[in-house]
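In the working numbering, the protein residues as written are 37 to 568. Where a beta carbon is used, it is the ideal one built from N, C-alpha and C, also for glycine. Quick caveat, the model's predicted, so the values are computed rather than measured. Inspection log for the structure reproduced underneath, given as structure tokens.
Encoded structure:
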């Protein structure tokens, strides 16, 4: 069986109180019974003394009849069992129970052994020693008091003198009274104590239940309900305006709830951010892998291209030289001259491709110096401004206040020119070329954004445009410009990104580290492709 807190407190308190009350009652009843017994002994002793004094005159007159009559009348009072006179020889000379008259008592009989316990009888004994509690022949508990009758001077000088003067004690007045009244008082007091104990238990139990319910159970139930609500995800605070221990406990619960909610929110935020960070980091790792693969491709391809270019360059030079000589020879049949012109033109085109391959293979470590990127952009724009493809293009410069960077101006000019030319070729019908410079939010690099409003690049080609020999221009390009630009930016410790939408335009974003940061970082480990 499971008990709640109120029941446990009430039972324990009630049990302790009941045991304490019973112990108190037992001690109190025992003490009270002793007091009642002492009072009864004192009363019986007073009664005996009164009888002796009231019959003293009749004794002097030797009026025994009157003495016995007075004793008989007193013996009829309520509570007195019987009274008897015993002479010094132990003979019962008178008793309210006539059957005892004339009987001789043994010295060891109860009531006589008080004074005759030793060889020499006692002439004087204390009141408590002269009293005795015993059961009469009916099994009833009674109190007996033996009162000595001494041979006083008046007795020895009386006319009816019967006892010699040297006799100290004439006899004993033995009064036996019932203890029913004492027992009744004791039982009444005991019953009153028990009833009072039960009443106190009921009152205390009720008060304890109400007090416990108000000051213990209700706050505990609120705290329990609060913990259950927290377990269900409800972070509401508990309202317990108390200044005692429960109030402080409720305040601690509220602090714990606030901290738990804050921790859960932080965990949830951290979890969501972790997912985004993992996704971002995965994207960065993929980009790094892509860059590494591209770098390896360019490095390997650079070595291959350098060898092929040298091998092709010599035959092409001979073909171009001899075809040019034949085409200019007057002895040549005019009908064959267009064919030789075609050979010269295509040979020159092949020579241009070989030069591009050599430029790609000979990409070198940049010669860096501090300078403003806006100045390099302006120089590049001034070079391409007179190009035929820029006649219908509006150039918008949106420069911010950017710090100087550590870079090779010639190589950056090559990158910017390549991007400007590509943008102009994407806007054959005209458009807007926007050049923008800004410092990154974390102030660790300069960002250059080059945007056009041209035809855009298909999404499938965005991941391939930096690959060598990939081109969307057909026979107009070699596909090496963006690869070379990518290598230059990488050698500067930066990176280049592209965004494009068909029909809306393309944006290239170049990030270059600041001069002081790049100086602390040091030069790059090597080139993307090493030329011969």
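Pairwise C-beta distances place the stretch 373-391 out of contact with the stretch 417-437, as fewer than three of them are shorter than 8 Å. Residue 371 sits exposed, since fewer than 16 C-beta atoms from the chains shown fall within 10 Å of its C-beta. Closest in alpha carbon position to residue 383, among 527, 360, 52, is 360. Boundaries around residue 411 are those of the alpha helix (DSSP H), 409-420, since no beta strand (DSSP E) includes it. In this chain, the alpha helix (DSSP H) harbouring residue 524 covers 517-527.
The way I'd put it, the stretch 109-124 does touch the stretch 205-225; three or more beta-carbon pairs between them come closer than 8 Å. When only Cα atoms are considered, residue 100 and residue 83 end up about 19 Å apart. In the assembly as shown, residue 444 is a buried residue. Its beta-carbon has 16 or more other beta-carbons within 10 Å. One thing to note: residue 62 has its Cβ no nearer than 8 Å to the Cβ of residue 233. Per DSSP, the unbroken alpha helix (DSSP H) holding residue 258 starts and ends at 254-267. With three or more CB-CB distances shorter than 8 Å, the stretch 525-543 counts as touching the stretch 484-495. Pairing residue 430 with residue 473 gives a Cβ-Cβ distance that is not under 8 Å. With a cutoff of 8 Å on beta-carbon distance, residue 406 and residue 440 are scored as near each other. According to DSSP, residue pairing for residue 93 in a beta bridge does not occur. Residue state for residue 65 is assigned as helix, using DSSP reduced to three classes. CA-CA distance, residue 362 to residue 535, rounds to 50 Å. Residue state for residue 130 is assigned as strand, using DSSP reduced to three classes.
Per the coordinates, the alpha-carbon of residue 517 lies some 19 Å from the alpha-carbon of residue 344. Residue 107 and residue 132 do touch by the CB rule: their CB atoms are close to 7 Å apart, below 8 Å. When only Cα atoms are considered, residue 404 and residue 428 end up about 35 Å apart. Note on residue 481: 16 or more other CB atoms within 10 angstroms of its CB, so buried under the neighbour-count rule. Proximity of the stretch 54-73 to the stretch 217-230 meets the contact definition, three or more beta-carbon pairs being nearer than 8 Å. Per DSSP, the continuous alpha helix (DSSP H) segment holding residue 445 begins and ends at 445-462. Looking at the DSSP output, residue 120 bridges to 131, 210. In this structure, residue 81 sits near residue 183, with a CB-CB distance shorter than 8 Å. For residue 112, there are no CB contacts under 6 Å within the same chain when 5 residues up- and downstream are skipped. In the pairwise beta carbon analysis, the stretch 274-285 is classified as touching the stretch 244-258: at least three pairs are separated by under 8 Å. Cβ atoms of residue 46 and residue 244 come within 8 Å of each other, at about 6 Å.
In the structure shown, residue 348 falls within a helical segment according to DSSP collapsed to helix, strand and coil. With a cutoff of 8 Å on beta-carbon distance, residue 521 and residue 471 are scored as not near each other.
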